[in-house]
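Numbered per this note's numbering, the sequence shown finishes at 467, counting up by one with no gaps.
Before any comments, here is the structure.
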Amino acid sequence: MNEYSVHNTEQEAAAPVCEPERQYYYIEKAKAYLEKMSEAAGRPLTFCVTTFGCQMNARDSEKLTGILERIGYVEEPDEEKADFVIYNTCTVRENANQRVYGRLGQLGRIKKKNPHMMIALCGCMMQEPEVVEKLKKSYPFVDLIFGTHNIFKFAELLATRMESGRTVIDIWKDTDKIVEDLPSERKYPFKSGVNIMFGCNNFCSYCIVPYVRGRERSRDPKAIIREIERLVADGVVEVMLLGQNVNSYGKTLEHPISFAELLQEIEKIDGLERIRFMTSHPKDLSDDLIRVMADSKKICRHLHLPVQSGSTRILEKMNRRYTKEGYLALVDRIRTAMPDISLTTDIIVGFPGETEEDFLETMDVVKKVGYDSAFTFIYSKRTGTPAAVMEDQVPEAVVKDRFNCLLQVVQEISAQRCAIHEGTVQTVLAESVNDHDSSLITGRLGNNLLVHFPGDASMIGKFYHVHLRECRGFYYLGEIASED
Ligand code: SAH
Ligand code: SF4
Ligand code: F3S
């Protein structure tokens, strides 16, 4: 791979030093290159950003898309047809990595046939040095590689690639920087994710996120409010506040502010109708937050509260810093304040040393809490995390049995929980035309459940009162009772 070092290039004196001005400068440069490339191709060039991983990555992809559209690329949803393919990767579990390698092989074959094609890789996987080594060795056709900390430099890196014609690799180990006010393109006109913090300081012993996303950094509350106000002025009615542990928001700011206080400020924004957030770490969920949620008209009655395991012994080995009893007591406080709240969770099965007894503790929590839904994961060993070298890794067959058992109970309980709203009328945000039947609109309740009801595309982004006629396990069929 003919690598081009971005640090040692003689960047022309004209490039501003300050961000985001510097990136706007490179957007213009890349635009000029792209015009030449399009002329040579005799057609507009297209791009496709593919997101692996969580909502943070999805939001980052919107930022990449915003920059690409400014540069003049046209979106092409089919990555096999696009001239510029960007994989925004995830490394939280091994199978996320395998998917990237598999699809990259396929992309390499397509690139051979399209002389205009470029491939970029970014996101969490790129923060692992052995991944970048493997890419250099086995996938030399990749044009651009960058990480999570310097994603704001995308325009600059792309312009460098276009100018040099050589592979550009730029990965930062960590950062304390937050660059505001870069372009971004929303997937939905009426709702948007909003980062309130980056990184994570929790170091749960199984988890790679703190290593690939760096230390926790909270955005300035004023910058968050300003972003949401702009979004609302642009038609957004719902925001999802994003952070790996939103409950510790603001603790490291020069003028500390709590997550509960931030929510109260956001609630005041006129025209904003729904506020969601994720993810909440149980250890930091304050009574203030419960009170603010209970008093709020805009915060959705939904909490994603990952438990990971029901066994206090395993929770300790996971470094989660709460006990089974502590978690259940917290759930009690939440339910007492908001009896109608929907609770969802993440659970890991097969953490090193997990015994049958430990697993039964997890089943016990699942039954006691009665989650509206739960994401269940098989433990995946991540090199570099403390759990990877723990003794007593659980045999695969045992894990699979436990996983299936858990999944069945989780599904039964969610179906029961879903059914309790049958026959009621609820406020629903119309989100999209139904994939399978275009005479139906798919909408979302405050508690995050979906309902399909007759309607058309003109309704998208508006609120309706919908009669939930029939529960179908995990979603409803309904009909409009009235417009909100
Ligand atoms: N910050 C969030 C979760 C981020 S990762 C939180 O703390 O809740 C999303 C989920 O992936 C985690 O909740 C966990 O259940 C799962 N996960 C993380 N690392 C994993 C691993 N090594 N193996 C299996 N699942 C894992
Ligand atoms: Fe990973 Fe734990 Fe941080 Fe969540 S809180 S991102 S599980 S280390
Ligand atoms: Fe994956 Fe990175 Fe999110 S590892 S889960 S995309 S923070």
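For every residue, glycine included, the Cβ atom is placed at its ideal position computed from N, Cα and C.
Treat the numbers as computed from the prediction; the structure is a model and nothing was measured.
### Proximity of Tyr56 and Leu87 at Cβ, strictly below 7 Å
For the purposes of this step, residue 56 is taken as residue 73 along the sequence shown, with counting starting at 1. For the purposes of this step, residue 87 is taken as residue 104 along the sequence shown, with counting starting at 1. Taking 7 Å as the cut-off, the beta carbon of Tyr56 is found no closer than this to the beta carbon of Leu87.
### Query
If you scan the stretch 272 to 351 from start to end, which runs of the beta strand (DSSP E) of 3 or more residues do you find wholly inside it?
Assignment of beta strand (DSSP E) within the stretch 272 to 351, counting only whole runs of 3 or more residues, yields 285 to 287 and 325 to 332 in chain order.
### Task
Work out the CA separation of Ser188 and Cys401 for me, nearest whole Å.
As a first step, residue 401 must be located in the sequence shown, where it is residue number 418. As a first step, residue 188 must be located in the sequence shown, where it is residue number 205. Separation of Cys401 and Ser188 (C-alpha to C-alpha, rounded to the nearest whole angstrom) is 33 Å.
### Query
Among Phe124, Leu165, Asn97 and Arg26, which residue has its Cα nearest to the Cα of Pro3?
For the purposes of this step, residue 3 is identified with residue 20 of the sequence shown, where counting begins at 1. Closest by alpha carbon: Leu165.
### Task
Using 10 angstroms around the beta-carbon of Ser1, count the other beta-carbons present and answer buried if the total reaches 16, otherwise exposed.
Position 18 of the sequence shown, counted from the start, is the residue given in the question as residue 1. In the sequence as presented, Ser is not what sits at residue 1; that position holds Cys. So Cys1 counts as exposed.
### Query
By Cβ distance below 6 Å, which residues in the same chain neighbour Ser(-12) in space, the five residues on each side in sequence not counted?
Position 5 of the sequence shown, counted from the first residue, corresponds to residue -12. Low per-residue confidence applies at Ser(-12): pLDDT is 48, beneath 50, and the placement is therefore not dependable enough to give any value.
### His264 CB to nearest heavy atom of the ligand SF4 below 6 Å
Counting from one through the sequence shown, the residue named residue 264 turns up at place 281. It does: the Cβ of His264 is within 6 Å (strictly closer) of some heavy atom of the ligand SF4.
### Query
Do you know offhand how far Cys73's Cα is from Ala371's?
On the sequence shown, position 90 is the one that residue 73 refers to. On the sequence shown, position 388 is the one that residue 371 refers to. Straight-line Cα distance between these residues: approximately 18 Å.
### Query
Where do the N-terminal and C-terminal ends of the alpha helix (DSSP H) with Thr407 fall, by residue?
Within the sequence shown, the letter at position 424 stands for residue 407. Segment: none, Thr407 is in no alpha helix (DSSP H) and carries neither H nor E.
### Message
Under DSSP, the alpha helix (DSSP H) around Asp384 begins and ends at which residues?
### Response
Indexing the sequence shown from 1 puts residue 384 at position 401. It spans Glu379 to Ala402 - the alpha helix (DSSP H) in which Asp384 sits, taken as one unbroken run.
### Query
DSSP state of Val195, grouped into three classes?
Taking the sequence shown and counting its residues from 1, the one referred to as residue 195 is at position 212. In this structure, Val195 counts as helix in the three-state DSSP scheme.
### Query
According to DSSP, what are the bridge partners of Leu224?
Numbered from 1 along the sequence shown, position 241 holds the residue referred to as residue 224. Leu224 pairs with Val177 and Phe260.
### Query
Mapping DSSP to helix, strand and coil, what is Gly130?
Taking the sequence shown and counting its residues from 1, the one referred to as residue 130 is at position 147. In this structure, Gly130 counts as coil in the three-state DSSP scheme.
### Task
Would you list the one or two residues that DSSP bridges to Arg427?
Sequence index remark: in the sequence shown, residue 427 carries index 444 (1-based). According to DSSP, Arg427 bridges with Leu412 and Leu433.
### Query
So which residues put a beta carbon under 6 Å from any heavy atom of the ligand SF4, going in chain order?
Output, sorted by chain position: Cys183, Asn185, Phe186, Cys187, Cys190, Val192, Pro193, Gln227, Asn228 and His264.
### Query
Cβ of Arg455 versus every heavy atom of the ligand F3S: is any distance shorter than 6 Å?
Taking the first residue of the sequence shown as position 1, residue 455 is located at position 472. Outside the cutoff, so no.
#### Entry: Same chain only: Cβ atoms within 7 Å of Val296, ignoring 5 sequence neighbours per side
The sequence position of residue 296 within the sequence shown is 313, counting from 1. The sequence given here has Arg at residue 296, not Val. The beta carbon of Arg296 sits closer than 7 Å to those of Asp341, all from its chain and outside the five residues before and after it, given in chain order.
### Message
Looking at the strands, I want to know which residues DSSP matches up with Ile240.
### Response
Residue mapping note: residue 240 aligns to position 257 of the sequence shown, counting from 1. Note: Ile240 sits in no beta bridge, so no partner.
### Three-state secondary structure (DSSP) of Cys107
As a position in the sequence shown, residue 107 is number 124, starting the count at 1. Three-state DSSP puts Cys107 in a helix.
### Nearest-angstrom beta carbon gap, Met101 and Asp157 [assumed within contact, 8 Å]
Counting from 1 along the sequence shown, the entry for residue 157 is found at position 174. Counting from 1 along the sequence shown, the entry for residue 101 is found at position 118. A Cβ-Cβ separation of about 28 Å leaves Asp157 out of contact with Met101 under the 8 Å criterion.
### Task
Could you tell me the boundaries of the beta strand (DSSP E) in which Ala357 lies?
Counting from one through the sequence shown, the residue named residue 357 turns up at place 374. It spans Ser356 to Ile361 - the beta strand (DSSP E) in which Ala357 sits, taken as one unbroken run.
### Task
Locate the beta strand (DSSP E) running through Glu62, then write down its first and last residues.
On the sequence shown, position 79 is the one that residue 62 refers to. It is not in any beta strand (DSSP E) - Glu62 carries neither H nor E in the DSSP assignment.
### Query
Ordered along the chain, which non-local residues of its own chain (more than five positions away) have a Cβ less than 7 Å from that of Ile484?
Because the chain here runs from -16 to 467, residue 484 falls outside it and cannot be looked at.
### Query
With a cut-off of 8 Å, do at least 3 Cβ pairs link the stretch 397 to 411 to the stretch 101 to 113?
The stretch 397 to 411 is not in contact with the stretch 101 to 113.
### Message
Considering Cα atoms alone, identify which of Val162, Leu423, Gly218 and Ala320 is closest to Arg169.
### Response
Within the sequence shown, numbered from 1, the residue matching residue 169 stands at position 186. Residue Gly218 is the option with its Cα nearest to Arg169.
### Query
If you count every other CB in all the chains shown that lies within 10 Å of the CB of Thr319, and 16 or more means buried, which is it?
Along the sequence shown, read from residue 1 onward, the residue named residue 319 stands at position 336. Burial call: exposed.
### Message
Is it the case that the stretch 146 to 156 contacts the stretch 267 to 277, given that we only count it when at least three CB pairs across the two stretches are under 8 Å?
### Response
Contact fails: fewer than three Cβ-Cβ distances are below 8 Å.
### Task
Go ahead and pull the three-state DSSP assignment for Ser421.
Position 438 of the sequence shown, counted from the start, is the residue given in the question as residue 421. In the three-state reduction of the DSSP assignment, Ser421 falls in the coil class, being assigned neither a helical nor a strand state.
### Query
How long is the line joining the alpha carbons of Arg427 and Leu326, rounded to whole angstroms?
In the sequence shown, the residue the question calls residue 427 occupies position 444. In the sequence shown, the residue the question calls residue 326 occupies position 343. About 16 Å.
### Query
Buried or exposed: which applies to Glu(-7), given that a residue is buried once 16 or more other Cβ atoms fall within 10 Å of its Cβ?
Position 10 of the sequence shown holds residue -7. A caution first: Glu(-7) carries a pLDDT of 48, below 50, which makes its placement in the model too unreliable to give a value.
### Query
Touching or not, the stretch 374 to 389 and the stretch 415 to 433, by the rule of three or more beta carbon pairs under 8 Å?
Contact fails: fewer than three Cβ-Cβ distances are below 8 Å.
### Query
Closest by CA to His287, which one among Glu63, Lys307, Arg144 and Ala357?
Along the sequence shown, read from residue 1 onward, the residue named residue 287 stands at position 304. When each option's Cα is compared against that of His287, the closest is Ala357.
### Task
Give the secondary structure of Val32 by DSSP, where H, G and I count as helix, E and B as strand, and everything else as coil.
Counted from its first residue, the sequence shown places residue 32 at position 49. In the three-state scheme derived from DSSP, where H, G and I count as helix and E and B as strand, Val32 is classed as strand.
#### Entry: Neighbourhood of Ala41 by C-beta distance below 6 Å, restricted to the same chain and skipping five residues each side
Here the question's residue 41 lines up with position 58 in the sequence shown. Closer than 6 Å at Cβ, skipping near neighbours: Thr34.
### Query
Tyr362 and Ile317: beta carbons closer than 7 Å?
As a working mapping, residue 362 is identified with position 379 in the sequence shown. As a working mapping, residue 317 is identified with position 334 in the sequence shown. By the CB criterion at 7 Å, Tyr362 and Ile317 fall outside the cutoff.
### Task
For Glu62, count neighbouring C-beta atoms within 10 Å of its own C-beta (all shown protein chains included) and say buried if the count is 16 or more, exposed if not.
Locating residue 62 in the sequence shown gives position 79, counting from the first residue. Burial call: buried.
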